[in-house]
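The next block holds one structure in the form of structure tokens; read it before the comments.
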Amino acid sequence: MPIIPEEEFSELYSKNMGRPCVPVALLIGLSILKEMYDCSDEKLIEELYFNIMV
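Residue numbers (the numbering used here): 17 to 70.
Below, the structure is given as structure tokens:
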């Protein structure tokens, strides 16, 4: 599995404002799952919470 260089994306995020950054690899992985299973953001999060708890 290729490693995503997080530091290349660091300049896109503010270090002083807002919430802590979500890792880019996580965002890309969730986007891939969302497309694979053709689901909404809400359904993806629901499935994620359910499957992590099982």
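Even for Gly, the Cβ is constructed at its ideal location relative to N, Cα and C. Since we're looking at a predicted model, the values are computed, not measured.
Between the alpha carbons of Glu22 and Cys55 lies a distance of about 26 Å.
The alpha-carbon of Tyr65 is positioned some 30 Å away from that of Glu27. Judged by DSSP secondary structure, Met52 falls within the alpha helix (DSSP H) whose first and last residues are Val40 to Met52. In terms of Cα proximity to Ala41, the closest of Ile20, Ser30 and Leu60 is Ile20. If you draw a straight line from the Cα of Gly45 to the Cα of Asn32, it comes to about 26 Å.
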